[in-house]
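Positions 451 to 904 (this note's numbering) are the ones given, in order, by the sequence shown.
Ideal placement from N, C-alpha and C gives every residue a C-beta, glycine not left out.
Report on the following structure.
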Amino acid sequence: MKRSICGSVPDASITATENRAEDTTACDTGAIYFKLLVDDRWVHRQVDSLRLDSEGYTRRHVSLDVTVPDRIVRNGEQAFLPLGVLRKRVIQRFDVTHEGDSLPVLTSGENGEITTAFIDHLVRGVGFPSEHARKVRAALQKVVKYDGADRGGENPLKTAQEALRAALRDVPKMSVDAQTHARLLVSYAELFAENFLLVVVIPAKLISQRVVFKYSLDQPFEVDNPWSSVSSLAFSYTPASCWSNTSYHVEIDLPSSLAIVEVAQEPSSPESSESTRMAARQGIANSPSLGGSRSHVVLTTQHVVEENIELSVTTVPGPHGIRRFTGWAAAIVLALVLASIPARLCNVVVADTFTIPSSVAPVVLVGPALLLSWIGRSREHDVVSNLLLPLRGVLMACSLVLVLLAALAAVPVEPWVWHTTWWAIYLLTTAFTVLTARLYWSYRGARLQVVGAL
451 MKRSICGSVP DASITATENR AEDTTACDTG AIYFKLLVDD RWVHRQVDSL
501 RLDSEGYTRR HVSLDVTVPD RIVRNGEQAF LPLGVLRKRV IQRFDVTHEG
551 DSLPVLTSGE NGEITTAFID HLVRGVGFPS EHARKVRAAL QKVVKYDGAD
601 RGGENPLKTA QEALRAALRD VPKMSVDAQT HARLLVSYAE LFAENFLLVV
651 VIPAKLISQR VVFKYSLDQP FEVDNPWSSV SSLAFSYTPA SCWSNTSYHV
701 EIDLPSSLAI VEVAQEPSSP ESSESTRMAA RQGIANSPSL GGSRSHVVLT
751 TQHVVEENIE LSVTTVPGPH GIRRFTGWAA AIVLALVLAS IPARLCNVVV
801 ADTFTIPSSV APVVLVGPAL LLSWIGRSRE HDVVSNLLLP LRGVLMACSL
851 VLVLLAALAA VPVEPWVWHT TWWAIYLLTT AFTVLTARLY WSYRGARLQV
901 VGAL
């Protein structure tokens, strides 16, 4: 049997509000969720933790410290509480808990029912003429149901925005409340185009109590081409908050081989104005702890809802480990190749007894073995592998130079092969030297950026 979201509001034995014993209609459902989403006084603190582990997984944990409101949609001993917004996609390993006990979540259809009731309440609050109200409702319902699939170029969000603009032009002078509803309609239309409202089923006995809810899920995201910026890599995701003025803490935990250089809020739409982008980037309430693999920031969530903001994290390889080793390896191989130039041009003989094949070759081959040992062989996160790819490219180029040197020392070759191999060595050395220098200055710029932020 299909569960009815429009149950009843709390009765007199549970609530202390004026509205105590009435059935919840669709109108009541919309009004209740309007109160829950706009009045954020019942939400005390939100903590959003993102962890990129060494096994290649990205796990996201969100906790909310709330006082469950008295005025809430109920169905018998169950109540339906919104905990935030999540991106519309297939969610993997999702779990919602309260004190270790798992809580059920609504289906997509039930979520859509609640979101539609909330949108209808906003439409009624604006006071559109009946014909425009019907068109706006129909357009926004398509936005709520939109799953991101391409359907012949049709974009439900743009259709809804056009319907809203046309309807607002025909509305007479609006009251302050009507203007608020209209602004929220525009904001939530953009929010629900890419996200859905997460509503969980909680025991009715938790009403009026201060509790902590937690949920966790896998957080996939696409990483940029590692050669697009060479030295740094940015990834972004949507904060889970749907409230405008709550305390929203973000904790980011990256593998120890990486360092965070910037955490910022960015509008998800590329069409956003520069003023909007600047205001969003100033939405970090305190300076994040930068320069390490962990960061804690506090967001001002006003722009998260009003501008559909995404959280952007920029990271670089950490100053130790492979980054430092690559710099020293490139310098040593470069010095070795540079030392060979006068010997070849001036016909300088280092040792009169030097012959080919030479016993030096096995010694030179120790270098590639050492360099290639820094190429990761175990599974790692995509962010780590993409960000360390340029450094590993330098190590591979250095290894190839040493292998070619060992080959020249071990195998007698024709003169044209000898000279061609040396030109290949010089080209490889030039390439990894330029890349190493570019990486060095980029990392230095990132370090100065961190120092300036602090």
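Buried or exposed (CB count within 10 angstroms, at least 16 for buried), residue i
| i | result |
| --- | --- |
| D490 | buried |
| R521 | buried |
| T886 | buried |
| D473 | The pLDDT assigned to D473 is 40, lower than 50, so where the model puts this residue is not dependable; a value taken from the coordinates is nonetheless given after this. Exposed, since its Cβ has fewer than 16 Cβ neighbours within 10 Å. |
| E864 | exposed |
| D627 | exposed |
| E549 | exposed |
| T557 | exposed |
| E604 | exposed |
| V783 | buried |
| A639 | buried |
| A729 | Here the model assigns A729 a pLDDT of 45, short of 50, so the residue's position is not dependable, and the following value carries that caveat. The residue is buried, with at least 16 neighbouring Cβ atoms inside 10 Å. |
| V884 | exposed |
| D597 | exposed |
| L704 | buried |
| A779 | buried |
| T478 | Per the sequence presented here, residue 478 reads as Asp, with Thr not at that position. The residue in question, D478, is buried, as its Cβ has 16 or more Cβ neighbours within 10 Å. |
| S828 | exposed |
| L877 | exposed |
| S625 | exposed |
| A785 | exposed |
| L575 | What sits at residue 575 in the sequence shown is Gly, not Leu. Buried, because 16 or more other Cβ atoms sit within 10 Å of the Cβ of G575. |
| S725 | Unreliable placement is indicated for S725, whose pLDDT of 44 sits below 50; no coordinate value is reported for it. |
| D570 | buried |
| H770 | exposed |
| A588 | exposed |
| V867 | exposed |
| V861 | exposed |
Presumed contact (8 Å Cβ cut-off) between residue i and residue j, rounded CB distance
| i | j | result |
| --- | --- | --- |
| T776 | L841 | 5 Å |
| I702 | V713 | 7 Å |
| A874 | L854 | 6 Å |
| S391 | V766 | Nothing about residue 391 can be reported from this structure: the residues present for the chain run from 451 to 904 only. |
| G768 | A684 | Between A684 and G768 the Cβ distance is about 17 Å, and since that is not below 8 Å, they are no contact. |
| E760 | S691 | Contact doesn't hold; Cβ gap of about 12 Å is too wide. |
| G534 | L656 | The pair is not a contact, with the Cβ atoms about 17 Å apart (cut-off 8 Å). |
| V593 | A616 | Not a contact, Cβ separation roughly 16 Å. |
| D845 | W824 | The sequence given here has Leu at residue 845, not Asp. Their Cβ separation, rounded to whole angstroms, is 6 Å, which keeps L845 and W824 in contact under 8 Å. |
| V650 | L553 | 5 Å |
Member of the options whose CA lies at the smallest distance from the CA of residue i
| i | options | result |
| --- | --- | --- |
| P532 | S625, L487, T630 and A874 | L487 |
| F671 | R539, V867, S691 and V523 | R539 |
| R794 | S835, H869 and V844 | H869 |
| A905 | P862, V787 and V863 | An answer regarding residue 905 cannot be provided, because it is not within the stretch 451 to 904 covered by the chain. |
| L641 | A613, P689, I791 and A709 | P689 |
| F646 | E612, N561 and S637 | N561 |
| V518 | R660, L683, Q629 and K485 | R660 |
| A819 | G575, G843, L839 and S849 | S849 |
| V523 | R829, Y638, A785 and I482 | I482 |
| P707 | N836, E760 and S892 | Looking at the sequence provided, one finds Ser at residue 707 rather than Pro. S707 has its Cα closest to that of N836, out of N836, E760 and S892. |
| S407 | V851, T479, A639 and A654 | Outside the displayed span of the chain (451 to 904) sits residue 407, for which this structure offers no information. |
| L536 | G526, N525 and V555 | V555 |
| V586 | G771, E612, V516 and N525 | E612 |
| S960 | L500, A847 and A616 | Since the first residue of the chain shown is 451 and the last is 904, residue 960 is not available in this structure. |
| D515 | G526, H494, N525 and D498 | H494 |
| V816 | R829, E830, A856 and V833 | A856 |
| S637 | V573, V844, V748 and L877 | V573 |
| V747 | V497, H831 and A780 | V497 |
| A654 | K608, W872 and G526 | G526 |
| R894 | F484, R773 and Q715 | R773 |
| A781 | G575, Q591, T879 and L590 | T879 |
| F578 | Q591, L553, L614 and L607 | L614 |
| A643 | Q629, K595 and W866 | K595 |
| D832 | K485, G559, Q669 and S892 | Q669 |
ask   = Do three or more CB pairs link the stretch 531-548 to the stretch 653-665 at distances below 8 Å?
value = yes
ask   = Where in the stretch 640-712 do unbroken runs of the alpha helix (DSSP H), each at least 4 residues long, occur, reported from the N-terminal end onward?
value = 676-679
task = Determine contact between the stretch 498-511 and the stretch 632-648, defined as no fewer than three beta-carbon pairs at a distance below 8 Å.
result = no
request  = Could you say if the stretch 523-530 and the stretch 493-504 meet the contact criterion of at least three C-beta pairs nearer than 8 Å?
outcome  = no
inquiry  = Counting beta carbon pairs with one atom in the stretch 559-573 and one in the stretch 695-702, are three or more of them shorter than 8 Å?
reply    = no
inquiry  = Does the structure place the stretch 575-594 close enough to the stretch 604-622 that three or more beta carbon pairs sit under 8 Å?
reply    = yes
Length-filtered (4 minimum) alpha helix (DSSP H) runs lying within the stretch 826-878 = 832-860
message = Please give the ranges of any beta strand (DSSP E) in the stretch 766-801, keeping only runs that are unbroken, at least 3 residues long and fully inside the region.
response = none
inquiry  = My parser needs the beta strand (DSSP E) runs of 3 or more residues fully inside the stretch 521-552; what are they?
reply    = 528-537 and 545-548
ask   = In chain order, which alpha helix (DSSP H) runs of at least 4 residues are fully inside the stretch 551-578?
value = 558-576
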